[in-house]
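One structure is given here, and the rest of the page talks about it.
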Amino acid sequence: MPDLLLELFSEEIPARMQKKAAGDLRSAVTNALVDAGLTYEGATEYWTPRRLVLDVRGLTPRSADISEEKKGPRTDAPQQAIDGFLRGAGLSSIEDAQIKSDPKKGDFYIALIEKLGRDAGEIISEVMPGIIRNFPWPKSMRWGVASTDAGSLKWVRPLQSILCLFGPETEEAEVIPFEVGGVQSGDTTRGHRFMAPDELTVKHFDDYAAKLEKAFVMLDAERRKETIKTEAENLAFAQGLELVDDPGLLDEVSGLVEWPTVLMGEFEKDFLDIPAEVIRLTIKDNQKCFVLREASPARGAEEATGADAPPPRSGGEATRVSANNLLTNMFLLVSNIVASDSGKEVVRGNAKVVNARLADAKFFWESDLQQVTSKEGFDPWIEKLDHVTFHAKLGTQGERVKRFDARVVDLIPFLNGADAERSRRAAFLAKADLNSAMVYEFPEVQGQMGGTYAEKINEDVSIALAIEEHYKPQGPSDDVPSDPVSVAVALADKLDTLVGFWAIDEKPTGSKDPYALRRAVLGVIRLVLENNTRIPLLPILNSGLQLFRNQRGQEFGLDNMEDLLSFFHDRLKVYLRDKGIRHDLIDAVITPESDDLLMITRKAEALQKLIDSEDGTNLLAGYKRAANILAAEEKKGTAIAAMVSHELLESDSELELDKALNQIVDNAAQAVEKEEYSSAMSELAKLREPVDSFFENVLVNVEDEKVRANRLALLSRIRAATETVADFSKISG
Amino acid sequence: MNPATTVNSDAKPASMLPTNSFQGLILTLHEYWASKGCVVLQPYDMEVGAGTFHPATTLRALGPKPWKAAYVQPSRRPTDGRYGENPMRLQHYYQYQVLMKPSPPNLQELYLGSLAAIGIDPLLHDIRFVEDDWESPTLGAWGLGWEVWCDGMEVSQFTYFQQVCGFECSPVAGELTYGLERLAMYVQDVDNVYDLNFNGVEGDGKVTYGDVFQQTEREYSRWNFDVADTDTLLQHFKDAEAECQRILAQDEIDPKTGKTIVMAHPAYDQCIKASHVFNLLDARGVISVTDRQRYIGLVRDLAKACGEAFLKTEAGGV
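Residue numbers (our numbering), protein chains in the order written: chain A, -2 to 730; chain B, 82 to 399.
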């Protein structure tokens, strides 16, 4: 079976678009080929900064012949209908149609349409121009003389050449000819822009890949990435250093080069005064270079995510850790050439720019420090928050910070050990750094800079930490603050955001969540659960809405907090399901009013433990049996006694069940009262034996109506007993 | 090792080599782009934020007529002032600007040829085209292209104009902008802009970039950030806006000569003025976030009106 090789060669494609574009090319081409009746064994896409490549293997050389029958009108149909049929079927006269007789419908025309199979080459040359013209680039452009035509070809950057070969694997393939936007397909490409710019003639994929390799083009992005990573780690290791991993940067850099060469440079040691994260971001964002830290045996195999060590997780004193001592003044750059001087000039040039960038960062850092250490301190930044819009309908950051204060005051009683004074101070300062020069330049370091500056002016360490941490947790794997002051501010920030957006009806829908509200809800859930905090969410949400109304008028926003609470329920289910707690068990313990996330979770965990035990499984089976019988009898209108009458209990099993119920229901209810869900569940588990024995030895539907009604009442009590801890009807299995 | 060694120096005095003097760099680019058929123009005689504002780019990028131009443009960025103390940042600097309409198919090669002409060997230096889509909200203009890196330093902007003054470019023009000081620092191998050799003379007659500009950087930094009178500037903005609109509101037929004279360029001058005054106000810190958008919108409206007027002129293709 022959193969198809396609290369679209253009001026430099943005790194972030290459991978998706190559995938889009694969699906567009293979879909078009399949639609045209061809089949293929496999298709692989490749990409570099200058090319999108598709290698389709085992393509059928010709599509199959197809014959189909097209039904027409009755032979006595009006001429108009017959003409329409002829046009539709592509027949020139009614003589070409056949007549078919049907006992019910009478005689009618049919057309036999024979579609001959077509050569794959013909199909390819026919579909390609359309695929290229309609390519889904996020942004595309016109260029050159042709751009005066409204219909001129648009591409991400000027398209320079197209290579399109089709043929058997081993022999020379033939060019599939087509033209799009003035570019004619052929069998040539070019190598590396500088190291091998000449035209190459290609026979088939293996030949193509081999020739490119010789022409300093690594076609496979994964290989470029591995090359960069391995070279980087080796260079670092040789200096006793460690690469600060950055998969996103690695992806991007692999899309900026066709022939990666990793080189090591250094910047001036003095710049290590700047916070490590700022150094990393400066070097990464502006220069696409990697930073290095001292290799530390203690780190071992631990996967570090940034230049900073994570803050310590302890219940004790709040501390902030500066990790600058780990960062070194060495960095790694990825060059696209094997330079004739082994890269000396490239390294020197890059170091110069890194130094200049860091000089700029240092300027911002020092001017911020000058501000916060002045008599005014944070004040000018805080005043300016009144001019920073948070959202057109929700007002300014200044207004938010004012709400934070009341919000923190509301939360403090529920947060064990949160000092009111400090929490309010931290909330007051939390957003100040949005007006610092550093955060203006590097939005990613918001919070962190505020914390650093607060520390510089000797704010309490828990306040500095809270400013730094209050955006956390940013995602499912981010650390959760544990210092009570941090928890207070982090909750205030997220709850305020959620209440505001719910009030203006800007809820996440489907895949759209522009304000990251799902993340905020998850953040609240994790803050509450991981810190064992109990907060009556609904009153807190409602008072949050009132805070908006106090500022923006009583008409502000929708009364939507029950809806927000049920959104919390949904996210909690997702969160707990990931922790291995069954969805139906969470449903069994949630009611629309449940607003204590910690208790919901405790209950669900205890229930899961019960259901996972043998006692629990059998008890559930017993419950189901009881509930089914009751449902059936209730439907029939059978009499069920309101209370169990002791005198009517006949067998030992009945007596035992009755006794167990009396005891267990009380104990379970008491345990629930004390919020000791595990012991409530253990109590309930004790019902298993008597319930089993009851169903084994006792017949419910006996003749005697009184006895039957009494036995049904016993069953009702089983059902009621389970209801003290959960709604067993929602549990599946 | 100085990259200068690769430059072909026949017949030129050493002081005029791009690697030896700032002016030598400019002269070399002039020669190169002149040899590619560009008209070599002089800087526009008004304060602008970038070479793009020169009418030879903004207005000439519009309409169907072919156009190739190259020029140096002093560019003012009041907020970038560092009192002459930052080795790379200036509130006044030079851009070298090339515009080719329609964009030739080998524009990247032409550009790389210009780098070779000033002594940058792409087998010794890592030249990269890194995505950078250009947009000027004040000019109602956008295009796709790259920033060009040389060893990690951005030395040029390379843009295929798609829209200018709110009008589709037809045909598309290719625009190249070189940051001359950075490029000169590179080829002269100095770390501080003020150490650049301006005239290429060594010894007593040597004039550095610092000799020419360090004092003015200090003076303008102080004026831009703290002294410029904001009330006056606000008035200047209003005046420029009003004058621009007044010019464009005139009858197209000049009553004195009886000829059609659309005054696109005088009107555009007022648009440039408004834009620069806005930048000064920004540096003075008196423009709030919401106001910022409003001012940008006002200048954009002027630019669009000027572009529309230009398309009614002969150079605009009528």
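A virtual CB, placed ideally from N, CA and C, is assigned to each residue, including glycine.
Backbone CA spacing between residue i and residue j [nearest angstrom]
i, j, result
"Gly550/A", "Phe425/A", "23 Å"
"Ala638/A", "Arg705/A", "9 Å"
"Asn149/A", "Pro46/A", "Sequence check: residue 149/A is Ser here, not Asn. Rounded to the nearest angstrom, the two C-alpha atoms are 23 Å apart."
"Ala717/A", "Ala628/A", "14 Å"
"Glu256/B", "Ile121/A", "37 Å"
"Ala320/A", "Arg170/B", "Residue confidence for Ala320/A is low, a pLDDT of 47 falling below 50, so the modelled location carries little weight; the figure read from the coordinates is stated next. So the alpha carbons of these two residues sit roughly 30 Å apart."
"Ala233/A", "Thr258/A", "14 Å"
"Thr57/A", "Leu197/A", "28 Å"
"Arg381/B", "Ala222/B", "9 Å"
"Ser483/A", "Phe132/A", "48 Å"
"Glu630/A", "Pro511/A", "52 Å"
"Glu249/B", "Met138/A", "11 Å"
"Gly165/B", "Thr297/B", "8 Å"
"Ser746/A", "Glu4/A", "In the structure as shown, chain A starts at -2 and stops at 730, and residue 746/A therefore has no counterpart that could be examined."
"Glu262/B", "Pro194/A", "30 Å"
"Pro470/A", "Ser650/A", "54 Å"
"Arg209/B", "His189/A", "12 Å"
"Gly237/A", "Lys285/A", "22 Å"
"Ser508/A", "Lys136/A", "22 Å"
"Ser339/A", "Asn326/A", "21 Å"
"Glu452/A", "Lys226/A", "37 Å"
Cross-strand partners of residue i (DSSP beta bridge)
i, result
"Leu162/A", "Leu2/A and Val172/A"
"Met261/A", "Leu329/A"
"His388/A", "Gly392/A"
"Gly255/B", "Met181/B and Tyr241/B"
"Gly226/B", "Thr240/B"
"Asp99/A", "Gly103/A"
"Glu291/A", "Leu238/A"
Neighbourhood of residue i by C-beta, 7 Å cutoff - its chain only, sequence neighbours within 5 removed
i, result
"Gly130/B", "Ser156, Arg157, Arg158, Ser356, His357 and Asn360"
"Glu169/A", "Lys200"
"Arg568/A", "Arg515, Val518, Leu519 and Ile522"
"Phe191/A", "Ile334"
"Leu733/A", "Nothing about residue 733/A can be reported from this structure: the residues present for chain A run from -2 to 730 only."
Contacting residues, own chain, Cβ-Cβ under 8 Å from residue i (five flanking each side not counted)
i, result
"Thr311/B", "Leu362, Arg365 and Val367"
"Asp493/A", "Arg397, Arg400, Phe401, Arg404, Gly541 and Leu544"
Close Cβ partners of residue i (< 6 Å) along its chain, the five nearest in sequence each way excluded
i, result
"Arg708/A", "Val697"
"Ala384/B", "Leu220, Gly221, Cys246 and Cys352"
"Trp499/A", "Asn557 and Leu561"
"Ala603/A", "Tyr674, Ser675 and Met678"
"Phe553/A", "Phe545 and Arg546"
"Tyr238/B", "Note on identity: in this sequence residue 238/B is Gln, with Tyr being the wrong assignment. Around Gln238/B: Glu228 and Thr258."
Residue i vs residue j beta-carbon contact at 8 Å
i, j, result
"Ile597/A", "Ile608/A", "no"
"Gly262/A", "Val180/A", "no"
"Tyr674/A", "Lys727/A", "no"
"Ala40/A", "Arg23/A", "yes"
"Lys570/A", "Val521/A", "no"
"Thr133/B", "Leu220/B", "yes"
"Gly619/A", "Ile715/A", "yes"
"Ala657/A", "Lys683/A", "yes"
"Ala265/B", "Leu98/B", "no"
"Glu9/A", "Trp227/B", "yes"
"Glu219/A", "Asn333/A", "no"
"Glu465/A", "Gly444/A", "yes"
"Leu162/A", "Phe264/A", "no"
"Leu408/A", "Ala485/A", "yes"
"Phe103/B", "Leu277/B", "yes"
Beta carbon proximity, residue i to chain C, threshold 8 Å
i, result
"Phe391/B", "No chain C is present in this structure, whose protein chains are A and B."
Heavy atom of the ligand GDP within 7 Å of residue i beta-carbon
i, result
"Phe210/B", "Among the ligands in the structure shown, none appear at all, so the ligand GDP cannot be discussed."
task: Ignoring anything shorter than 4 residues or poking outside the segment 180 to 223 of chain B, list the alpha helix (DSSP H) runs there in chain order.
output: 188 to 198
Secondary structure, beta strand (DSSP E): runs of 3+ residues fully inside the segment 174 to 258 of chain A: 180 to 183, 185 to 187, 196 to 198 and 238 to 240
field: 4-residue-minimum alpha helix (DSSP H) runs that sit fully inside the segment 52 to 125 of chain A, ordered along the chain
entry: 76 to 86
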